[in-house]
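Engineer: The structure follows.
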Amino acid sequence: MQLIVIYVIGLIFGLGISISGMANPAKVLNFFDFAGIWDPSLIFVMGAAIVVTAPGYFLVLKRPKPVFGNGFTLPGTKLIDRRLIGGSFTFGLGWGLAGFCPGASLPVLSTGNPDVLIFTASFIVGIFIARFMIQRSAQQRDAATTS
Amino acid sequence: MIETEFTPLAASLGGALIGLASVLLMWVRGNILGATGILTGFMQPSSSADWAWRAAILAGMVTGPLVYLFIAGEFPAIQVPVSTLSMIVGGVIVGIGVTYGSGCTSGHGVCGMSRLSPRSFVATLSFMAGITVMVFVTRHIFGL
Numbered sequence: 000m001q002l003i004v005i006y007v008i009g010l011i012f013g014l015g016i017s018i019s020g021m022a023n024p025a026k027v028l029n030f031f032d033f034a035g036i037w038d039p040s041l042i043f044v045m046g047a048a049i050v051v052t053a054p055g056y057f058l059v060l061k062r063p064k065p066v067f068g069n070g071f072t073l074p075g076t077k078l079i080d081r082r083l084i085g086g087s088f089t090f091g092l093g094w095g096l097a098g099f100c101p102g103a104s105l106p107v108l109s110t111g112n113p114d115v116l117i118f119t120a121s122f123i124v125g126i127f128i129a130r131f132m133i134q135r136s137a138q139q140r141d142a143a144t145t146s
Numbered sequence: 000m001i002e003t004e005f006t007p008l009a010a011s012l013g014g015a016l017i018g019l020a021s022v023l024l025m026w027v028r029g030n031i032l033g034a035t036g037i038l039t040g041f042m043q044p045s046s047s048a049d050w051a052w053r054a055a056i057l058a059g060m061v062t063g064p065l066v067y068l069f070i071a072g073e074f075p076a077i078q079v080p081v082s083t084l085s086m087i088v089g090g091v092i093v094g095i096g097v098t099y100g101s102g103c104t105s106g107h108g109v110c111g112m113s114r115l116s117p118r119s120f121v122a123t124l125s126f127m128a129g130i131t132v133m134v135f136v137t138r139h140i141f142g143l
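Here it is, written out as structure tokens:
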């Protein structure tokens, strides 16, 4: 039962991405092309998403726990550091090269569009590269502290 | 470059559905609807139950464009103004960036901003800055 509900939630997200134009690189890149052929549409995507999510979260998070499960899984860290800023800025640079972001590319995998497949495969490679680098630097830190 | 039409209604409707899905996932299972986090956990799950809900939401996501096809009679438009090389290099950079930055447009930009997380606010400003710089450089300095 829970999985069917979650499947439908994914479907709503995928339909929203499809309607919004977030999965259209030309539209995404034109939004950020303030000095050129600016298309303001995307501010309406993020604006409408937040207008729905912010009051929705406010109400939901006042409840003791979610419908299924014992509690809400919210990121605990409050740290604003170079890793957060540098990582996010780097993500923006890649987004500006390709025109896709992860949440937009995943749903439209089902269109079979070759660019979507290439982008998605590449960003998964990127995730594993980063996880490997993070793991290695953690090991080096451990080695330095134990020696 | 490909010119695109200003579509505020479709953008708002799509955005509202993205928001609705985010609220529902928090209400039903208590999780942030962030594409990066869901996919990363799907590839390296902590338990079979953890894998199952991620598989279900991802299966739902890829069904979305099929429902769009059923309603609109065509798949959503995907116009690509960049080369395959940009797609590959951009993709790898996106994967590295979202992993270090702990989230992407859906996780930080929608969910994090909506719960007034200062971290997500900074992250969103940072990736907006990154994409603006890259679009300016590729289009107006290199003229791609």
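Top to bottom, those sequences are chains A and B. Residues 0 to 146 in numbering that gives the first Met the number 0 are what the first sequence spells out, letter by letter. Residues 0 to 143 in numbering that gives the first Met the number 0 are what the second sequence spells out, letter by letter. Don't be surprised by glycine CBs; every beta carbon is placed ideally from N, CA and C.
#1: Given a cut-off of 9 Å, decide if A:P65 and B:G29 are closer than it, judged by their beta-carbon atoms.
#2: Anything in chain A within Cβ reach of B:P80, meaning under 8 Å, just list it in chain order.
#3: Cβ atoms of B:V61 and A:M45: under 9 Å apart, would you say?
#4: Mind checking if B:P44 is an interface residue toward chain A, Cβ cutoff 9 Å exclusive?
#5: State buried or exposed for B:F126, treating a residue as buried only when at least 16 other CB atoms are found within 10 Å of its CB.
#6: Would A:I84 and B:A20 be called neighbours here (beta carbons separated by less than 9 Å)?
#7: Can you check whether the C-beta of B:W52 is within less than 9 Å of a C-beta belonging to chain A?
#8: Rounded to the nearest angstrom, what separates A:A137 and A:R130 at their Cα positions?
#9: Output needed in chain order: residues of the stretch 36-49 of chain A with a Cβ under 7 Å from some Cβ in chain B.
#10: Check whether the Cβ atoms of B:G96 and A:F88 lie closer than 9 Å to each other.
#11: Can you find the residues in the same chain that come closer than 8 Å, C-beta to C-beta, to B:D49, ignoring five residues on each side of it along the sequence?
#12: Name the one or two DSSP bridge partners that A:T72 has.
#13: Smallest Cα separation from A:M21: which of A:P63, A:Y6 and A:L105?
#14: Does the CB of B:S11 have a neighbour CB from chain A at under 9 Å?
#15: Check B:C103 in the structure and name its three-state DSSP category.
#16: If you count every other CB in all the chains shown that lies within 10 Å of the CB of B:I70, and 16 or more means buried, which is it?
#17: Are the CB atoms of A:G98 and A:P39 within a distance shorter than 9 Å?
#18: Nearest to A:V4 by alpha carbon, out of A:V50, A:F67 and A:T110?
#19: So B:V134 and A:G95 are supposed to be a Cβ contact under 8 Å. How far apart are they, rounded?
#20: If you measure from the beta carbon of A:T110 to each beta carbon in chain B, is any gap under 9 Å?
#21: Between the Cα of A:L108 and those of B:A51, B:L65 and B:H139, spot the shortest distance and give me the residue it belongs to.
Structural biologist: According to the structure shown:
#1: For the purposes of this step, residue 29 of chain B is taken as the residue at position 30 of the second sequence. For the purposes of this step, residue 65 of chain A is taken as the residue at position 66 of the first sequence. In this structure, A:P65 lies closer than 9 Å to B:G29 by Cβ.
#2: Translated into positions along the second sequence, residue 80 of chain B becomes position 81. Simply P24, A25, L28 and G98.
#3: By one-based count along the first sequence, residue 45 of chain A stands at place 46. By one-based count along the second sequence, residue 61 of chain B stands at place 62. For A:M45 and B:V61, no; Cβs fall outside 9 Å.
#4: Here residue 44 of chain B refers to the residue found at position 45 of the second sequence. Closer than 9 Å: no.
#5: For this step, residue 126 of chain B is matched to residue 127 along the second sequence. With 16 or more other Cβ atoms within 10 Å, it is buried.
#6: Position 85 of the first sequence, counted from the first residue, corresponds to residue 84 of chain A. Position 21 of the second sequence, counted from the first residue, corresponds to residue 20 of chain B. Result no, Cβ atoms of A:I84 and B:A20 do not sit closer than 9 Å.
#7: The sequence position of residue 52 of chain B within the second sequence is 53, counting from 1. Yes - at least one Cβ of chain A is within 9 Å of the one on B:W52.
#8: Against the first sequence, residue 137 of chain A aligns to sequence position 138. Against the first sequence, residue 130 of chain A aligns to sequence position 131. Roughly 11 Å separates the two Cα atoms.
#9: I36, D38, P39, S40, L41, F43, V44, M45, G46, A47, A48 and I49
#10: Within the second sequence, numbered from 1, the residue matching residue 96 of chain B stands at position 97. Within the first sequence, numbered from 1, the residue matching residue 88 of chain A stands at position 89. Closer than 9 Å, so yes.
#11: In the second sequence, counting from the first residue as 1, residue 49 of chain B sits at position 50. Excluding sequence neighbours, B:D49 sits near G40.
#12: The count along the first sequence starts at 1 and reaches residue 72 of chain A at position 73. Answer is B:N30, bridged to A:T72.
#13: One-based indexing of the first sequence puts residue 21 of chain A at position 22. The candidate whose alpha carbon is nearest that of A:M21 is A:L105.
#14: Translated into the one-based positions of the second sequence, residue 11 of chain B becomes position 12. Yes - at least one Cβ of chain A is within 9 Å of the one on B:S11.
#15: As a first step, residue 103 of chain B is located in the second sequence; it is residue number 104 there, counting from the start. The DSSP-derived three-state label of B:C103 is coil.
#16: On the second sequence, residue 70 of chain B is found 71 positions in, with the first residue counted as 1. B:I70 comes out exposed.
#17: Translated into positions along the first sequence, residue 39 of chain A becomes position 40. Translated into positions along the first sequence, residue 98 of chain A becomes position 99. Cβ atoms of A:P39 and A:G98: not closer than 9 Å.
#18: Position 5 of the first sequence holds residue 4 of chain A. Here the closest residue by C-alpha is A:F67.
#19: Translated into positions along the second sequence, residue 134 of chain B becomes position 135. Translated into positions along the first sequence, residue 95 of chain A becomes position 96. Correct: roughly 5 Å between the Cβ atoms.
#20: By one-based count along the first sequence, residue 110 of chain A stands at place 111. Judged by the 9 Å Cβ criterion, A:T110 is in contact with chain B.
#21: For the purposes of this step, residue 108 of chain A is taken as the residue at position 109 of the first sequence. It is B:L65.
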